[in-house]
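Colleague:
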Amino acid sequence: MKKRLLATLCLASVLSLAACSKPAEKAESKGEESVSAEEKGTEAKKEEKTEEKGDAGEEKTYKVGILKFMDHPSLNQIEDSLCTELDSLSKDGVKYEYKEYKLNGQGDASVLNQMTAQLLSDKVDVIVPIATPAVQVVQSGTEGKNVPIVFSAVSDPVSAKLVKSMEEPGGMITGTSDYLNTDAIMNLIFAANKDAKKIGLLYSKSEDSSKAPIEDAKKFLANKGVEVVEKTGTTTDEVNQAVDALIAEKVDAIFTPTDNTIQKAELSFYEKLQKAKIPHYGGADSFALNGAFAGYGVDYVQLGKATADMVDEVLHGGKETATLPVQTFDNGIATVNTDTAEKLGFSMDELKEVFKPYCTKVEEIKTNQEFAK
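Sequence positions in the sequence shown follow mature numbering (1 follows the signal peptide of the UniProt record, and there is no 0) and run -18 to -1, 1 to 355.
1) Check whether the Cβ atoms of T289 and N319 sit closer than 9 Å, and answer yes or no.
2) Could you pull the start and end residues of the alpha helix (DSSP H) that G123 belongs to?
3) Let me confirm a value: E34 is counted as buried when at least 16 other C-beta atoms fall within 10 Å, else exposed. Which label applies?
4) Thinking C-alpha only, which one of Y44, P239, V129, Y83 is nearest S137?
5) Run through DSSP, which three-state label would P195 get?
6) Let me make sure I understand the geometry here. Which of V93, G126, A227, S103 has the alpha-carbon closest to that of A116?
7) Taking a contact to mean a Cβ-Cβ separation below 9 Å, would you say V221 touches L184 in this structure?
8) Taking only three categories from DSSP, how would you classify K213?
9) Going along the chain, which residues of its own chain have a beta-carbon closer than 6 Å to the beta-carbon of E67, five neighbours each way excluded?
10) Quick check on the DSSP output: the alpha helix (DSSP H) that includes Y282 runs from which residue to which?
11) Cβ atoms of V208 and A178: under 9 Å apart, would you say?
12) Hey, quick one: how far does the beta strand (DSSP E) through residue 387 stretch, first residue to last?
13) Compute the Euclidean distance between the alpha carbons of D190 and I244, then round it to the nearest angstrom.
14) Hey, which unbroken runs of the beta strand (DSSP E) at 3 residues or more fall wholly within the stretch 315 to 350?
15) Along the chain, which unbroken stretches of the beta strand (DSSP E) at least 3 residues long are found entirely within the stretch 86 to 167?
16) Within 9 Å (strictly less), CB to CB, does F328 reach chain D?
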């Protein structure tokens, strides 16, 4: 009887302990679930923060398409300066990629058209055409494509029908202009030779950028009662024939505006003009670099830099091309080729003195194919 009673008491005790242990196990299980949920929440928050940090630290990359009309010193100088400034602007989470999208139109309209299509296929964020003919092709080829254009080195964007006005270009286009102060160059011509009676005008009819300055030159010379001889060419051979004709006419000096065709051909005829003792004045310092007597115009390094800054304003700064004014420059710098000046019998000291009233600075340069980098 006692044994049965003892067994019964032991069984009751075991059952009691088992009953007491179940809530504890449940509590422990709930605690584990709670910790697990907290850990999961913490991990989720950590992942969320990491993701946010990744988004915030992510670099924004823009593709910049660069299409140069042709290969010559002024345009090369603009392109180099443009790329250098884009590299400088690639910081603080912004990167400008251009190396794979830098193209040369080779002075050929069909090539320019193909390359415009190529840049659109590459899905560039902006196109930077350099020189008027390249800009005209790009504007036509991107119509309705919603791709901004920031041009460089367009002498007269209004006359070329690229923009509505310099202050408010309108549409998807703006840029920098190398507008030429023709009167300043005319004054240099007569400062060097006050007795000049016959002036040659050498340019390409295929370039819209030459039209306005040639008309300005004609008006200036007509007011002075000076005879004008016009000669044109669209290829290097034609340009050389035009130069030969001007030499035969015995002109006292020759003027060329910012004309890419003539500039490209300069190295092929400058020695003829040296022998004929005829100074050639061009609308850019690259003319003087390639053998012309003098060049007058904008600083193309500054022009390239300013173009890159405008690209940054449009892509990173959120500016609208339609209302971003076209930039113009007037540096008042005359660049004289000292080799040619010597062959023509000019003294640099005398030139600096007579040019002084018409420019802010006279720079000296020697004949070369490209500007030193």
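Idealized CB from N, CA, C, for every residue including glycine.
Modeller: Working from what's here:
1) Cβ distance not < 9 Å, so T289 and N319 don't count as in contact.
2) Taken as a continuous stretch (DSSP letters only), the alpha helix (DSSP H) holding G123 covers 114 to 123.
3) Unreliable positioning characterises E34 in this predicted model, as indicated by a pLDDT of 36, which lies under 50. The coordinate reading is nonetheless provided below. A residue is called buried once 16 or more other Cβ atoms fall within 10 Å of its Cβ, and E34, having fewer, is exposed.
4) Ranking Y44, P239, V129, Y83 by CA distance to the CA of S137 puts P239 first.
5) Assigned with DSSP and collapsed to three states, P195 falls in helix.
6) The shortest Cα separation from A116 among V93, G126, A227, S103 belongs to V93.
7) A contact, by the Cβ cut-off of 9 Å.
8) Strand, per DSSP.
9) Contacts found: K287, A290.
10) Counting along the chain, the alpha helix (DSSP H) containing Y282 begins and ends at 282 to 297.
11) Taking 9 Å as the Cβ cut-off, A178 and V208 qualify as a contacting pair.
12) Given a span of -18 to 355 for the chain in the structure shown, any question on residue 387 remains unanswerable.
13) Distance between the alpha carbons of D190 and I244 is about 13 Å.
14) With a minimum length of 3 residues, the continuous beta strand (DSSP E) runs that stay inside the stretch 315 to 350 are 315 to 319, 343 to 347.
15) 108 to 112, 131 to 133, 155 to 159, all fully within the stretch 86 to 167.
16) Although the question refers to chain D, the structure presented lacks it and comprises just one protein chain.
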